[in-house]
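Residue numbers (the working numbering): -10 to 342.
Written out as C-alpha coordinates, the structure reads:
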(Lines of atoms letter the chains of each structure in order from A and count residues from 1; the text may use other names and numbers.)
(Lines give C-alpha, C1' and ligand atoms only; values in the text may rest on other atoms or scores of the structure.)
Protein backbone atom coordinates (compact mmCIF):
# COMPACT_ATOMS: atom_id res chain seq x y z
CA UNK A 1 0.00 0.00 0.00
CA UNK A 2 1.25 3.54 -0.70
CA UNK A 3 2.28 5.61 2.29
CA UNK A 4 0.76 9.06 2.01
CA UNK A 5 2.52 11.89 3.81
CA UNK A 6 2.71 15.63 3.57
CA UNK A 7 5.49 18.12 4.06
CA UNK A 8 4.98 20.54 6.92
CA UNK A 9 6.30 24.06 6.39
CA UNK A 10 8.39 24.73 9.47
CA UNK A 11 11.72 26.24 10.50
CA UNK A 12 14.90 24.21 10.04
CA UNK A 13 16.06 25.49 13.42
CA UNK A 14 14.13 26.35 16.57
CA UNK A 15 16.58 27.31 19.32
CA UNK A 16 14.92 28.46 22.55
CA UNK A 17 17.16 28.73 25.63
CA UNK A 18 19.13 31.18 27.74
CA UNK A 19 22.17 32.43 25.84
CA UNK A 20 20.92 31.34 22.41
CA UNK A 21 21.79 34.71 20.87
CA UNK A 22 25.49 34.23 21.55
CA UNK A 23 25.49 31.10 19.37
CA UNK A 24 23.56 32.63 16.45
CA UNK A 25 26.48 32.61 14.01
CA UNK A 26 27.35 29.00 14.82
CA UNK A 27 23.77 27.83 14.43
CA UNK A 28 23.43 29.48 11.02
CA UNK A 29 26.72 27.98 9.84
CA UNK A 30 26.08 24.51 11.22
CA UNK A 31 22.63 24.34 9.63
CA UNK A 32 23.97 25.61 6.28
CA UNK A 33 21.80 28.69 6.39
CA UNK A 34 24.82 30.97 6.05
CA UNK A 35 28.27 29.48 5.52
CA UNK A 36 29.74 32.77 4.34
CA UNK A 37 28.34 34.88 7.15
CA UNK A 38 26.92 37.36 4.64
CA UNK A 39 23.73 38.41 6.39
CA UNK A 40 21.37 41.36 6.15
CA UNK A 41 20.34 42.14 9.73
CA UNK A 42 17.25 44.30 10.24
CA UNK A 43 16.97 46.01 13.62
CA UNK A 44 14.87 48.69 15.22
CA UNK A 45 16.10 51.76 16.98
CA UNK A 46 15.07 50.09 20.24
CA UNK A 47 15.74 46.59 21.52
CA UNK A 48 17.39 45.34 18.34
CA UNK A 49 19.72 48.31 18.09
CA UNK A 50 20.84 47.89 21.70
CA UNK A 51 21.79 44.29 20.97
CA UNK A 52 23.81 45.21 17.90
CA UNK A 53 26.91 46.01 19.95
CA UNK A 54 26.69 42.60 21.60
CA UNK A 55 25.99 40.57 18.47
CA UNK A 56 27.96 42.34 15.73
CA UNK A 57 31.39 40.93 16.75
CA UNK A 58 30.04 37.40 16.16
CA UNK A 59 28.66 38.39 12.72
CA UNK A 60 31.59 40.16 11.03
CA UNK A 61 30.17 39.63 7.54
CA UNK A 62 26.77 41.12 8.33
CA UNK A 63 25.32 44.39 7.06
CA UNK A 64 23.03 46.15 9.49
CA UNK A 65 19.84 47.93 8.45
CA UNK A 66 17.86 50.07 10.87
CA UNK A 67 14.13 49.90 10.16
CA UNK A 68 12.06 52.91 11.07
CA UNK A 69 8.79 51.17 11.92
CA UNK A 70 6.27 48.53 10.96
CA UNK A 71 4.80 49.94 7.77
CA UNK A 72 4.53 48.50 4.28
CA UNK A 73 6.69 51.36 3.04
CA UNK A 74 9.37 50.46 5.59
CA UNK A 75 9.34 46.84 4.43
CA UNK A 76 9.52 47.75 0.73
CA UNK A 77 12.38 50.17 1.43
CA UNK A 78 14.23 47.46 3.35
CA UNK A 79 13.76 45.01 0.50
CA UNK A 80 15.20 47.54 -1.95
CA UNK A 81 18.27 48.10 0.21
CA UNK A 82 18.85 44.37 0.72
CA UNK A 83 18.46 43.62 -2.96
CA UNK A 84 21.56 45.67 -3.72
CA UNK A 85 23.75 43.28 -1.69
CA UNK A 86 24.57 39.58 -1.93
CA UNK A 87 23.36 37.82 1.18
CA UNK A 88 22.66 34.28 2.33
CA UNK A 89 19.74 35.26 4.54
CA UNK A 90 17.90 38.10 6.27
CA UNK A 91 17.88 38.29 10.07
CA UNK A 92 15.08 40.13 11.86
CA UNK A 93 16.34 41.13 15.31
CA UNK A 94 13.82 42.96 17.46
CA UNK A 95 10.12 43.11 18.21
CA UNK A 96 7.18 42.04 16.11
CA UNK A 97 7.17 45.06 13.80
CA UNK A 98 10.80 44.55 12.82
CA UNK A 99 10.36 40.83 12.28
CA UNK A 100 7.28 41.43 10.13
CA UNK A 101 9.20 43.99 8.03
CA UNK A 102 12.08 41.54 7.69
CA UNK A 103 9.66 38.73 6.74
CA UNK A 104 8.14 40.79 3.97
CA UNK A 105 11.50 42.08 2.70
CA UNK A 106 13.05 38.60 2.70
CA UNK A 107 10.11 37.20 0.74
CA UNK A 108 10.28 40.07 -1.75
CA UNK A 109 13.95 39.44 -2.57
CA UNK A 110 13.76 35.63 -2.31
CA UNK A 111 15.94 35.11 0.76
CA UNK A 112 15.28 32.97 3.85
CA UNK A 113 14.34 34.78 7.05
CA UNK A 114 15.88 34.15 10.46
CA UNK A 115 13.61 35.44 13.26
CA UNK A 116 15.36 36.56 16.44
CA UNK A 117 12.59 38.09 18.57
CA UNK A 118 13.42 40.20 21.59
CA UNK A 119 9.99 39.72 23.17
CA UNK A 120 7.14 37.21 23.17
CA UNK A 121 4.24 39.55 22.52
CA UNK A 122 2.35 37.37 20.01
CA UNK A 123 2.47 34.31 17.76
CA UNK A 124 3.56 36.23 14.65
CA UNK A 125 7.22 35.47 15.27
CA UNK A 126 6.91 32.16 13.39
CA UNK A 127 3.75 32.64 11.34
CA UNK A 128 3.45 32.79 7.53
CA UNK A 129 2.02 36.29 7.78
CA UNK A 130 3.55 39.77 7.92
CA UNK A 131 1.24 42.36 9.46
CA UNK A 132 2.12 45.84 8.25
CA UNK A 133 0.50 49.27 8.44
CA UNK A 134 -0.47 50.72 5.07
CA UNK A 135 -2.43 53.67 3.70
CA UNK A 136 -5.71 51.82 4.27
CA UNK A 137 -4.91 50.94 7.88
CA UNK A 138 -3.30 47.56 8.46
CA UNK A 139 -2.81 44.62 6.12
CA UNK A 140 -1.75 40.99 6.39
CA UNK A 141 0.64 39.70 3.74
CA UNK A 142 1.43 36.05 3.10
CA UNK A 143 5.13 35.19 3.43
CA UNK A 144 7.16 32.00 3.92
CA UNK A 145 7.81 30.73 7.43
CA UNK A 146 11.15 31.74 8.95
CA UNK A 147 13.88 29.23 8.16
CA UNK A 148 15.13 29.59 11.73
CA UNK A 149 13.80 30.96 15.02
CA UNK A 150 16.30 31.82 17.74
CA UNK A 151 14.87 32.94 21.08
CA UNK A 152 17.25 33.89 23.88
CA UNK A 153 15.36 33.64 27.15
CA UNK A 154 17.85 35.98 28.83
CA UNK A 155 16.90 38.65 26.29
CA UNK A 156 13.21 37.89 26.77
CA UNK A 157 13.53 38.40 30.53
CA UNK A 158 14.98 41.86 29.94
CA UNK A 159 11.93 43.00 27.92
CA UNK A 160 9.04 44.73 29.72
CA UNK A 161 6.70 42.26 31.40
CA UNK A 162 3.75 43.57 29.39
CA UNK A 163 5.14 41.84 26.30
CA UNK A 164 5.17 38.45 28.01
CA UNK A 165 1.64 39.03 29.26
CA UNK A 166 0.52 39.86 25.74
CA UNK A 167 2.01 36.59 24.48
CA UNK A 168 0.16 34.68 27.18
CA UNK A 169 -3.17 36.16 26.09
CA UNK A 170 -2.47 35.36 22.43
CA UNK A 171 -1.44 31.76 23.17
CA UNK A 172 -4.35 31.03 25.50
CA UNK A 173 -6.82 32.42 22.96
CA UNK A 174 -6.00 29.42 20.73
CA UNK A 175 -8.37 27.36 22.85
CA UNK A 176 -11.30 29.63 22.00
CA UNK A 177 -10.24 29.80 18.35
CA UNK A 178 -10.25 26.00 18.01
CA UNK A 179 -13.69 25.84 19.62
CA UNK A 180 -14.91 28.29 16.97
CA UNK A 181 -13.37 26.18 14.21
CA UNK A 182 -15.13 23.10 15.54
CA UNK A 183 -18.41 25.03 15.73
CA UNK A 184 -18.09 26.06 12.08
CA UNK A 185 -17.39 22.43 11.18
CA UNK A 186 -20.57 21.28 12.91
CA UNK A 187 -22.79 24.02 11.52
CA UNK A 188 -21.31 24.73 8.08
CA UNK A 189 -19.20 21.68 7.35
CA UNK A 190 -16.00 23.72 7.29
CA UNK A 191 -13.06 21.36 7.03
CA UNK A 192 -10.78 21.14 10.05
CA UNK A 193 -7.10 20.39 9.63
CA UNK A 194 -6.64 18.00 12.53
CA UNK A 195 -2.89 18.46 12.78
CA UNK A 196 -3.10 22.25 12.81
CA UNK A 197 -5.90 22.15 15.38
CA UNK A 198 -3.96 19.75 17.61
CA UNK A 199 -0.82 21.89 17.50
CA UNK A 200 -2.66 25.12 18.27
CA UNK A 201 -4.82 23.58 21.00
CA UNK A 202 -1.89 21.95 22.78
CA UNK A 203 0.10 25.17 22.57
CA UNK A 204 -2.73 27.06 24.27
CA UNK A 205 -3.32 24.36 26.88
CA UNK A 206 0.39 24.19 27.74
CA UNK A 207 0.41 27.87 28.65
CA UNK A 208 -3.00 27.78 30.34
CA UNK A 209 -2.10 24.83 32.59
CA UNK A 210 1.49 25.77 33.44
CA UNK A 211 1.84 26.65 37.15
CA UNK A 212 4.79 29.00 36.67
CA UNK A 213 4.97 32.75 36.26
CA UNK A 214 6.38 35.26 33.81
CA UNK A 215 9.69 35.59 35.63
CA UNK A 216 10.58 31.90 35.40
CA UNK A 217 12.60 30.37 32.57
CA UNK A 218 10.53 27.18 32.61
CA UNK A 219 7.37 29.16 31.93
CA UNK A 220 9.01 31.38 29.32
CA UNK A 221 10.29 28.26 27.55
CA UNK A 222 6.76 26.85 27.34
CA UNK A 223 5.32 30.18 26.21
CA UNK A 224 7.96 30.61 23.49
CA UNK A 225 7.39 27.06 22.26
CA UNK A 226 3.63 27.63 22.24
CA UNK A 227 3.93 30.78 20.13
CA UNK A 228 6.22 28.99 17.66
CA UNK A 229 3.81 26.04 17.42
CA UNK A 230 0.90 28.43 16.85
CA UNK A 231 2.72 29.98 13.92
CA UNK A 232 3.51 26.57 12.43
CA UNK A 233 -0.12 25.52 12.92
CA UNK A 234 -1.18 28.45 10.75
CA UNK A 235 1.26 27.32 8.07
CA UNK A 236 -0.12 23.78 8.21
CA UNK A 237 -3.71 24.96 7.79
CA UNK A 238 -2.88 27.63 5.24
CA UNK A 239 -4.58 30.44 7.16
CA UNK A 240 -4.96 31.90 10.65
CA UNK A 241 -7.92 29.68 11.59
CA UNK A 242 -6.10 27.63 14.28
CA UNK A 243 -5.28 30.76 16.29
CA UNK A 244 -7.96 33.27 15.36
CA UNK A 245 -11.65 33.14 16.15
CA UNK A 246 -14.11 35.31 18.05
CA UNK A 247 -11.24 36.28 20.37
CA UNK A 248 -9.38 37.95 17.51
CA UNK A 249 -12.53 39.44 16.01
CA UNK A 250 -13.12 41.25 19.31
CA UNK A 251 -9.47 42.33 19.30
CA UNK A 252 -9.79 43.71 15.75
CA UNK A 253 -12.99 45.51 16.74
CA UNK A 254 -11.18 47.31 19.57
CA UNK A 255 -8.41 48.31 17.15
CA UNK A 256 -10.82 49.64 14.53
CA UNK A 257 -13.33 51.34 16.81
CA UNK A 258 -10.84 52.80 19.28
CA UNK A 259 -7.50 52.99 17.44
CA UNK A 260 -5.87 55.43 19.82
CA UNK A 261 -6.97 53.65 22.97
CA UNK A 262 -6.53 49.99 22.10
CA UNK A 263 -4.52 47.84 24.50
CA UNK A 264 -1.98 45.23 23.40
CA UNK A 265 -2.98 42.52 20.93
CA UNK A 266 -2.64 39.74 23.50
CA UNK A 267 -4.50 41.58 26.25
CA UNK A 268 -7.49 42.12 24.00
CA UNK A 269 -7.37 38.55 22.63
CA UNK A 270 -7.21 37.07 26.11
CA UNK A 271 -10.21 39.11 27.27
CA UNK A 272 -12.03 38.22 24.06
CA UNK A 273 -11.28 34.53 24.52
CA UNK A 274 -12.53 34.40 28.12
CA UNK A 275 -15.77 36.14 27.13
CA UNK A 276 -16.21 34.02 23.99
CA UNK A 277 -15.86 30.85 26.05
CA UNK A 278 -18.65 32.12 28.29
CA UNK A 279 -20.80 32.97 25.25
CA UNK A 280 -20.60 29.38 23.99
CA UNK A 281 -21.76 28.05 27.35
CA UNK A 282 -18.36 26.77 28.50
CA UNK A 283 -18.76 28.61 31.78
CA UNK A 284 -16.33 26.57 33.87
CA UNK A 285 -13.66 26.86 31.19
CA UNK A 286 -14.29 30.60 30.96
CA UNK A 287 -13.93 31.07 34.71
CA UNK A 288 -10.74 29.00 34.78
CA UNK A 289 -9.26 30.91 31.82
CA UNK A 290 -10.11 34.25 33.42
CA UNK A 291 -8.46 33.11 36.65
CA UNK A 292 -5.24 32.18 34.86
CA UNK A 293 -5.18 35.43 32.94
CA UNK A 294 -5.64 37.34 36.18
CA UNK A 295 -2.83 35.40 37.84
CA UNK A 296 -0.50 36.59 35.11
CA UNK A 297 -1.72 40.17 35.38
CA UNK A 298 -3.88 40.26 32.25
CA UNK A 299 -7.26 41.99 32.00
CA UNK A 300 -10.48 40.01 32.03
CA UNK A 301 -12.82 43.01 32.21
CA UNK A 302 -12.93 45.94 29.77
CA UNK A 303 -12.53 48.48 32.59
CA UNK A 304 -9.09 47.01 33.24
CA UNK A 305 -7.88 48.26 29.85
CA UNK A 306 -9.72 51.57 29.94
CA UNK A 307 -13.02 50.73 28.23
CA UNK A 308 -16.54 51.12 29.53
CA UNK A 309 -19.01 48.27 29.48
CA UNK A 310 -20.95 50.00 26.69
CA UNK A 311 -17.76 50.27 24.62
CA UNK A 312 -17.04 46.60 25.16
CA UNK A 313 -20.57 45.67 24.13
CA UNK A 314 -20.17 47.81 21.02
CA UNK A 315 -16.90 46.03 20.17
CA UNK A 316 -18.47 42.58 20.59
CA UNK A 317 -21.43 43.57 18.41
CA UNK A 318 -19.15 45.01 15.71
CA UNK A 319 -16.61 42.16 15.87
CA UNK A 320 -18.13 39.89 13.17
CA UNK A 321 -17.70 42.66 10.61
CA UNK A 322 -13.91 42.53 11.03
CA UNK A 323 -13.54 39.08 9.44
CA UNK A 324 -16.22 38.55 6.77
CA UNK A 325 -16.64 34.87 6.00
CA UNK A 326 -15.24 33.60 9.29
CA UNK A 327 -17.80 31.74 11.38
CA UNK A 328 -17.43 31.92 15.16
CA UNK A 329 -19.67 31.89 18.19
CA UNK A 330 -20.40 35.57 17.50
CA UNK A 331 -21.83 34.89 14.04
CA UNK A 332 -23.61 31.80 15.35
CA UNK A 333 -25.46 33.62 18.12
CA UNK A 334 -25.93 36.91 16.21
CA UNK A 335 -26.51 38.75 19.46
CA UNK A 336 -28.15 42.14 19.74
CA UNK A 337 -26.96 44.91 22.04
CA UNK A 338 -29.25 44.10 24.95
CA UNK A 339 -28.40 40.40 24.75
CA UNK A 340 -24.67 41.07 24.91
CA UNK A 341 -25.22 43.35 27.91
CA UNK A 342 -27.22 40.68 29.73
CA UNK A 343 -24.62 37.97 29.06
CA UNK A 344 -21.83 40.31 30.11
CA UNK A 345 -23.52 40.85 33.48
CA UNK A 346 -23.63 37.07 33.97
CA UNK A 347 -19.99 36.77 32.86
CA UNK A 348 -18.88 39.31 35.46
CA UNK A 349 -20.78 37.49 38.19
CA UNK A 350 -19.24 34.18 37.15
CA UNK A 351 -15.60 35.31 37.13
CA UNK A 352 -15.94 37.75 40.02
CA UNK A 353 -15.28 41.45 39.61
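Beta carbons are placed, not taken as given, at the ideal position from N, Cα and C, and that holds for glycine.
Remember, it's a predicted structure, so these values are computed and weren't measured experimentally.
With 16 other Cβ atoms within 10 Å as the buried cut-off, status of residue i
i, result
"residue -10", "Bear in mind that a pLDDT of 49 at residue -10, under 50, signals an unreliable position, so the number given afterwards is only what the model happens to contain. By the neighbour-count rule (16 or more Cβ atoms within 10 Å), residue -10 is not buried but exposed."
"residue 123", "exposed"
"residue 252", "buried"
"residue 73", "exposed"
"residue 175", "exposed"
"residue 147", "exposed"
"residue 229", "buried"
"residue 34", "exposed"
"residue 255", "buried"
"residue 77", "buried"
"residue 134", "buried"
"residue 341", "exposed"
"residue 212", "buried"
"residue 241", "buried"
"residue 45", "exposed"
"residue 238", "buried"
"residue 49", "exposed"
"residue 323", "exposed"
"residue -4", "exposed"
"residue 25", "exposed"
"residue 108", "buried"
"residue 106", "buried"
"residue 5", "buried"
"residue 269", "buried"
"residue 312", "buried"
"residue -2", "exposed"
Top-ranked residue by Cα proximity to residue i, from the options
i, options, result
"residue 11", "156, 47, 22", "47"
"residue 258", "270, 132, 232", "232"
"residue 160", "326, 272, 202, 191", "191"
"residue 131", "137, 141, 119", "119"
"residue 57", "51, 50, 49, 67", "67"
"residue 167", "149, 2, 236", "236"
"residue 260", "289, 108, 19", "289"
"residue 101", "59, 84, 6, 71", "71"
"residue 218", "185, 311, 281", "185"
"residue 276", "63, 248, 338, 239", "338"
"residue 141", "104, 179, 250", "104"
"residue 136", "26, 40, 61, 79", "79"
"residue 197", "271, 163, 170, 107", "163"
"residue 1", "20, 40, 15", "20"
"residue 292", "306, 250, 278", "250"
"residue 355", "214, 203, 180", "Coverage of the chain is limited to positions -10 through 342, which leaves residue 355 absent and any answer about it impossible."
"residue 75", "95, 41, 4", "95"
"residue 53", "295, 7, 40", "40"
"residue 51", "310, 207, 17", "17"
"residue 69", "180, 243, 98", "98"
"residue 272", "309, 245, 335", "335"
"residue 321", "-1, 13, 169, 149", "169"
"residue 295", "81, 248, 138, 308", "248"
"residue 308", "281, 278, 243, 326", "243"
Residue i (DSSP reduced to helix, strand or coil)
i, result
"residue 197", "helix"
"residue 181", "coil"
"residue 190", "helix"
"residue 318", "helix"
"residue 1", "coil"
"residue -10", "Here residue -10 scores only 49 on pLDDT, less than 50, and its place in the model should not be relied on; the value that follows carries that caveat. Three-state DSSP puts residue -10 in coil, outside helix and strand."
"residue 330", "helix"
"residue 312", "coil"
"residue -5", "coil"
8 Å Cβ cutoff, residue i in contact with chain B
i, result
"residue 116", "The displayed structure is made up of one protein chain only, and chain B is not part of it."
Subject >> Segment contact flag, the segment 100 to 113 with the segment 82 to 90, C-beta cutoff 8 Å, min 3 pairs >> reply: yes
**OP:** Check whether the segment 282 to 302 touches the segment 323 to 335, counting contact only when three or more Cβ pairs, one atom from each stretch, lie closer than 8 Å.
**Re:** yes
Subject >> Uninterrupted alpha helix (DSSP H) stretches inside the segment 97 to 169 (no shorter than 4 residues) >> reply: 142 to 147
**OP:** Jot down the residue ranges of each uninterrupted alpha helix (DSSP H) in the segment 222 to 309, minimum 4 residues, whole runs only, in chain order.
**Re:** 235 to 246, 254 to 268, 272 to 284, 298 to 307
**OP:** Could I get the ranges of all uninterrupted alpha helix (DSSP H) runs contained in the segment 12 to 84, with 4 residues as the minimum, in chain order?
**Re:** 13 to 19, 36 to 44, 61 to 72
Original post:
Do the segment 152 to 166 and the segment 282 to 290 meet, that is, are 3 or more Cβ pairs less than 8 Å apart?
Top reply: yes
Original post:
Contact between the segment 259 to 269 and the segment 315 to 322: three or more CB pairs below 8 Å?
Top reply: yes
Subject >> contact_flag[the segment 23 to 43, the segment 89 to 103] where n(CB pairs < 8 Å) is 3 or more >> reply: yes
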